[in-house]
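Participant: The structure follows.
Residue numbers (the numbering used here): 22 to 426.
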């Protein structure tokens with residue numbers, strides 16, 4: 022009997038090293054936050070990381086050798102670009118591709134890399150969720166835009182203030198002289214010198230609607246003065262006292278104000294809107310200027326009430342939340358309505374000064390702009406809105422738990 026003995030130690034070591042290397046590479050691929058999918062020349066799946074499995078609910082064994090368009094419908098439109106990347110051996114990128122997820126716009130960067138290795142040709146598709154990046158970029162642009170408008174608004178406000186004050190003062194004097202005090206001695210003398218009587222003048226004014234026109238002047242002046250005050254809010258820090266406030270109590274007090282607010286009672290019947298409260302236990306407190314935060318909340322409630330009333334929303338409802346966000350050390354308030362919502366173009370501009378979707382004469386477009394400055398500039402916080410047509414709107418206000426130095 023003859024036999025042979027072969028030392029395969031080295032081969033076993035190489036196989037073990039290869040196994041460890043494959044596991045190492047697999048762990049790297051699966052630990053990446055990006056979705057990674059590899060396909061061959063025919064567009065069939067050859068590799069699939071754990072993020073792809075999470076999104077689709079399919080494992081690598083389920084999709085291996087299956088057409089990409091069938092197992093990953095979101096990439097069905099990328100088939101031509103995948104083939105182009107393979108044939109031309111170049112990287113193809115599709116930045117900021119949008120898609121709807123639960124009525125919310127999400128944005129993704131899709132990058133296709135041609136793959137040529139050991140005679141195997143194909144491509145690797147990487148998908149990165151850049152929604153948060155887009156939101157931050159949007160907020161930075163918004164902040165820069167509003168800061169630049171702030172300086173302009175302050176200058177305009179001061180220029181408008183002086184002639185406006187003179188106009189309102191003159192209108193007030195005329196109203197006093199020709200109103201209930203028309204029969205004062207000075208008026209009697211002036212009427213006599215002009216060859217007429219105060220009764221004749223009074224009858225003429227009533228016939229021509231002069232008192233009503235004077236009232237309109239005064240009302241328009243007060244409205245313009247309110248706009249000027251809001252414009253000045255863009256340029257100066259508020260000196261209101263900062264104290265630790267219970268957010269649930271703050272929201273409740275604002276709801277009481279909203280229920281007695283004249284405009285809300287007259288136009289939108291706020292008491293007919295259902296209020297759902299979802300406050301964290303124990304209650305959340307944050308350092309803030311309570312009066313200003315109430316102004317912000319009231320602006321949001323007023324806009325929501327108007328939107329729901331204008332759209333004829335059945336069973337109008339506000340859901341109000343107060344909670345803690347431990348990761349960012351922020352106290353968060355949310356105000357959500359079930360109104361008509363807004364499209365993406367409107368959502369992006371909702372905090373812009375003078376932007377409004379209300380009819381002429383109804384809104385100034387400054388309420389949410391001032392709210393933005395109160396939260397971001399005066400409190401160092403954040404304010405954002407999520408909305409889509411037919412799905413209401415949700416405003417989120419985040420306030421730092423620690424007072425700024």
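Every residue, glycine too, gets a C-beta built ideally from N, C-alpha and C.
As the structure is a computational prediction, the values presented were derived from the model and not from experiment.
List the residues that DSSP assigns as beta-bridge partners of residue 342.
Facilitator: In DSSP, residue 342 forms a bridge with 299 and 355.
Participant: Tell me, please, whether the segment 341-351 touches the segment 295-307 by the rule of three or more beta-carbon pairs shorter than 8 Å.
Facilitator: Touching, yes.
Participant: I'd like to check one pair, residue 235 with residue 192: are the Cβ atoms closer than 8 Å?
Facilitator: A contact, by the Cβ cut-off of 8 Å.
Participant: With which residues is residue 61 paired in a DSSP beta bridge?
Facilitator: Looking at the DSSP assignment, residue 61 forms a beta bridge with 143.
Participant: What would DSSP say about residue 263, mapped onto helix, strand or coil?
Facilitator: Residue state, collapsed to three classes: coil.
Participant: How far does the beta strand (DSSP E) with residue 66 in it reach, from first residue to last?
Facilitator: Its beta strand (DSSP E) spans residues 66-69.
Participant: Which one of 31, 334 and 389 has the shortest CA to CA distance from residue 362?
Facilitator: Nearest option by C-alpha distance: 334.
Participant: Whose C-alpha, out of 148, 147, 145 and 129, is nearest the C-alpha of residue 156?
Facilitator: Selected option, being the one with the closest Cα: 129.
Participant: Locate the beta strand (DSSP E) running through residue 416, then write down its first and last residues.
Facilitator: It spans 414-421 - the beta strand (DSSP E) in which residue 416 sits, taken as one unbroken run.
Participant: Which of the three DSSP states, helix, strand or coil, is assigned to residue 225?
Facilitator: If DSSP states are grouped into helix, strand and coil, residue 225 belongs with the helices.
Participant: Inspect the beta-carbon positions of residue 324 and residue 389 and report whether they are closer than 8 Å.
Facilitator: Cβ distance < 8 Å, so residue 324 and residue 389 count as in contact.
Participant: Excluding the five sequence neighbours on either side, which residues of its own chain have a C-beta within less than 8 Å of the C-beta of residue 436, listed in chain order?
Facilitator: The structure shown has nothing for residue 436, since the chain only spans 22 to 426.
Participant: Can you find at least 3 beta carbon pairs, one from the segment 363-377 and one from the segment 337-347, that sit closer than 8 Å?
Facilitator: The segment 363-377, when compared against the segment 337-347, does not touch it at the 8 Å Cβ threshold.
Participant: Are there 16 or more other CB atoms within 10 angstroms of the CB of residue 419, so buried, or fewer, so exposed?
Facilitator: Buried: at least 16 other Cβ atoms inside 10 Å.
Participant: CB-CB under 6 Å to residue 416, same chain, minus the five flanking residues each way: which ones, in chain order?
Facilitator: Counting only Cβ-Cβ distances below 6 Å, and skipping sequence neighbours, we find 321, 356 and 406.
Participant: Report the three-state DSSP secondary structure of residue 40 (helix, strand or coil).
Facilitator: Looking at residue 40 - three-state DSSP - the assignment turns out to be helix.
Participant: What do you reckon, are the CB atoms on residue 60 and residue 143 nearer than 8 Å?
Facilitator: A contact, by the Cβ cut-off of 8 Å.
Participant: Pull up the DSSP beta-bridge partners for residue 437, would you.
Facilitator: Residue 437 lies beyond the residue range present for the chain, which begins at 22 and ends at 426; the question has no answer from this structure.
Participant: Ordered along the chain, which non-local residues of its own chain (more than five positions away) have a Cβ less than 8 Å from that of residue 295?
Facilitator: Once the five neighbours on either side are set aside, the close Cβ partners of residue 295 are 336, 337, 338 and 339.
Participant: Thinking C-beta only, is residue 96 closer than 8 Å to residue 89?
Facilitator: For residue 89 and residue 96, yes; Cβs fall inside 8 Å.
Participant: According to the neighbour-count rule (16 or more other Cβ atoms, all chains shown, within 10 Å of its Cβ), is residue 45 buried or exposed?
Facilitator: Looking at its Cβ environment, which holds fewer than 16 other Cβ atoms inside 10 Å, residue 45 is exposed.
Participant: What is the residue span of the beta strand (DSSP E) that residue 403 lies within?
Facilitator: First-last of the beta strand (DSSP E) with residue 403: 403-408.
Participant: Work out the CA separation of residue 313 and residue 122 for me, nearest whole Å.
Facilitator: Taking the straight line joining both Cα atoms gives about 35 Å.
Participant: Classify residue 358 as buried or exposed, calling it buried when 16 or more other Cβ atoms lie within 10 Å of its own Cβ.
Facilitator: The residue is buried, with at least 16 neighbouring Cβ atoms inside 10 Å.
Participant: How close, in whole Å, do the beta carbons of residue 131 and residue 151 come, if the pair is a contact with beta carbons under 8 Å?
Facilitator: With a Cβ gap of about 10 Å, residue 131 and residue 151 do not count as contacting.
Participant: Would a C-beta distance cut-off of 8 Å place residue 185 and residue 230 closer than the cut-off?
Facilitator: It is not a contact, given that the beta carbons lie outside the stated cut-off.
Participant: Mapping DSSP to helix, strand and coil, what is residue 134?
Facilitator: Residue state, collapsed to three classes: strand.
Participant: For residue 110, which residues from the same chain have a beta carbon less than 6 Å from its beta carbon, with the 5 sequence-adjacent residues on both sides left out?
Facilitator: Correct list, in chain order: 135.
Participant: Pull up the distance between the alpha-carbon of residue 103 and that of residue 64, whole angstroms please.
Facilitator: The alpha-carbon atoms of residue 103 and residue 64 are separated by roughly 8 Å.
Participant: Return helix, strand or coil for residue 101, following the three-state DSSP convention.
Facilitator: Helix.
Participant: Going by beta-carbon coordinates alone, are residue 105 and residue 112 separated by less than 8 Å?
Facilitator: Result no, Cβ atoms of residue 105 and residue 112 do not sit closer than 8 Å.
Participant: Report the rounded CA-to-CA distance for residue 223 versus residue 265, giving the unit in angstroms.
Facilitator: Computed Cα separation, rounded: 57 Å.
Participant: Taking only three categories from DSSP, how would you classify residue 88?
Facilitator: Three-state DSSP puts residue 88 in a strand.
Participant: Can the beta-carbon of residue 55 be found less than 8 Å from the beta-carbon of residue 148?
Facilitator: For residue 55 and residue 148, yes; Cβs fall inside 8 Å.
Participant: On the criterion of 16 or more Cβ atoms from any shown chain inside 10 Å, does residue 395 qualify as buried, or is it exposed?
Facilitator: Buried, since its Cβ has 16 or more Cβ neighbours within 10 Å.
Participant: Throw me the rounded Cβ distance for the residue 370 and residue 376 pair, which I believe falls under 8 Å.
Facilitator: The pair is a contact, with the Cβ atoms about 5 Å apart (cut-off 8 Å).
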